[in-house]
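Below is one structure, written out as structure tokens; comments come after it.
There are 2 protein chains.
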Amino acid sequence: MKIDPNSSKDLSAQIAQAIKEAIIAGQLPVDERLPSEAELSEQFDVSRPTVREALKRLAAQSLIRTQRGATGGAFVNRLSFEDAYAQQITTSTLLLSMNAVSFETACEARYALERACAQLSSQRREADHLATMRAEIHRQSQPGLSDEAFCASDVAFHRALVDGAGNPVLSYQLAGAVEAMQPSMNMITFSARSRSEIIALHTRIADAIEAHAPDKADAALAELQTYTVKLANDVIAARATKP
Amino acid sequence: MKIDPNSSKDLSAQIAQAIKEAIIAGQLPVDERLPSEAELSEQFDVSRPTVREALKRLAAQSLIRTQRGATGGAFVNRLSFEDAYAQQITTSTLLLSMNAVSFETACEARYALERACAQLSSQRREADHLATMRAEIHRQSQPGLSDEAFCASDVAFHRALVDGAGNPVLSYQLAGAVEAMQPSMNMITFSARSRSEIIALHTRIADAIEAHAPDKADAALAELQTYTVKLANDVIAARATKP
DNA sequence: GACTTTTAATTGTCATACAATTAAAAATAA
DNA sequence: TTATTTTTAATTGTATGACAATTAAAAGTC
């Protein structure tokens, strides 16, 4: 691992890049301890603060974890699905909010992915996924529920649907798409009328999944997508006329 | 924005978190300049190196960019789709390699997403996506092509298919799934026999997209998935018997 | 042998200094 | 005046050295 002191990039960025590549290439296996900060500064011929900046860059990406104390140090971190979810969610959230992605586009992506999952989910879903979906539907029909809680329950419902596919890679991919839309969804006020409509569709989806009927699940999801976009457009239209 | 000096977490992690939340909440708009490092260290009552470690954490996530000089500083970065791709790819790659995700699981996720895209792509595809797909098919049938180049062309083909859906959010999501599988795909040796089989399927896909026939595209993709998994299993079986 | 204390290694934080970069301001020349 | 050059000031990048906090192992003690 070498760095170029005359490069235009920061030394800490170069060092982080070098270590990152070593991790990706598998040269540094999971739980391997990196040399101490003092040793790294000697190896790369830079100061300790520079090394530390590099390590913090890696820590920010969950590539390493650090521990203090005698046997401490920086260790290659096993990237967990949980860590990956979190990163995926912030990245997707910022992507949507900073790039003027329309609600419709985000919604289309989300439901395209979700319909792909529903196929698998109707084959494989297990009792607990179905139970979660039913429980969330029940929660959604409680009268006093706030809009935020309704949205959160909505996310949980769709999460169970996706997890039912039994493919962690799909779950991870979709977590971003679903949760990144939360801010937009929270802007929608869900009237009693719209809630009952959504609950009806959720019930149809759960029924279809339970009956191992992918086509019915697909149709219900398509309707839900159309309905969600319509609700959002109504909100946008209402704001435009009376700001 | 406040931090807790008695928290178990590093000061730099807390500061990074606080700024990150402000960015996500939209309190710090794109291209806004953060206070200088000296000012931040006063505000948070920490030293400059600590502030710098926090800023490097944010830079590693493409949340800010820094500039030297008189009018320099740290600026809130507009997270581009390109930056997001890159993050998505490394995260997905590490997720697969570090968590013993089977080739089959990864492949299933990839094709589930890709088939979802193909639906949209067959409705919307424009001339240039189709042209790219045809060009890559042509490249793949060149005799002297190395396995790496064949794989790269394969990625380009699927990329065009996905981009044909005209939904940047989908393209971003899938970039990870497709490119993260590159390392696994590169382990497969593509015989002349398997290449021609793949090329035939690619041609069927391109034809279906051109003819606006989502069902045919879906069927061809399903076959391609089955065939890819079979190829991979053959490689694994061959390694097991003769290591 | 079990418990306590000491020690050494390591990361976390701080203070300070200087180098490198850059845009604006000031000075100079045409 | 205008164009060019020089100076200046602000800012990030890097280095050095020091000390605090943490932790496991080693040494000591009962």
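Chains as they are written, first to last, in the working numbering: chain A, 47 to 289; chain B, 47 to 289.
Beta carbons: idealized from backbone N, C-alpha and C, even for Gly.
Model, not experiment: these values are computed from the prediction.
The beta carbon of GLU154/B sits closer than 8 angstroms to some beta carbon of chain A. ALA223/B belongs to the set of residues whose beta carbon lies under 8 angstroms from a beta carbon in chain A.
ALA120/A has THR112/A as its beta-bridge partners, per DSSP. A straight line joining the alpha-carbon of ILE234/B with that of ALA221/A spans about 30 angstroms. What VAL76/A touches in chain B, judged by beta-carbon distance under 9 angstroms, is MET144, going in chain order.
According to the DSSP secondary-structure assignment, ARG171/B is paired through a beta bridge with no residue. Below the 8 angstroms Cβ cutoff, chain B contributes LEU141 and ASN145 as neighbours of PHE127/A, in chain order. Scanning its chain for C-beta atoms nearer than 8 angstroms, with the 5 sequence neighbours on each side dropped, one finds around GLN219/B the residues GLN134 and LEU159, in chain order.
Counting of Cβ neighbours within 10 angstroms places HIS184/A among the exposed residues, the total staying below 16. The alpha-carbon of ALA68/A is positioned some 26 angstroms away from that of ASP200/B.
Annotation: ALA226/B to PRO189/A spans about 45 angstroms, alpha carbon to alpha carbon.
ILE70/B belongs to the set of residues whose beta carbon lies under 8 angstroms from a beta carbon in chain A. One alpha carbon belongs to LEU216/A, the other to ASP91/B, and they sit about 43 angstroms apart. A Cβ of chain A is located within less than 8 angstroms of the beta carbon of GLN134/B. Flagged as an interface residue toward chain A: ALA162/B, by a C-beta distance shorter than 8 angstroms.
DSSP places VAL92/B in no alpha helix (DSSP H); its state is neither H nor E. Put simply, of GLU172/A, ILE245/A and GLU85/A the residue whose alpha carbon is nearest the alpha carbon of GLY212/A is GLU172/A. The count of Cβ pairs closer than 8 angstroms, one atom from the region 92 to 111 of chain A and one from the region 269 to 289 of chain A, stays below three, leaving the stretches out of contact.
Taking a C-beta distance under 8 angstroms as the contact criterion, VAL224/B and HIS204/B qualify as a contact pair. The beta carbon of LEU166/A sits closer than 8 angstroms to some beta carbon of chain B.
Judged by beta-carbon spacing, ARG103/B lies beyond the 8 angstroms limit of LYS66/A, meaning their Cβ atoms are not closer than that value. Straight-line spacing of the CA atoms in ALA116/B and MET47/B works out to 26 angstroms. Rounded to the nearest whole angstrom, the C-alpha separation of ALA155/B and SER138/B is 12 angstroms.
Ranking ARG111/B, GLN228/B and THR136/B by CA distance to the CA of GLN63/A puts THR136/B first. Going by C-alpha positions, LEU191/B is about 14 angstroms away from ARG239/B.
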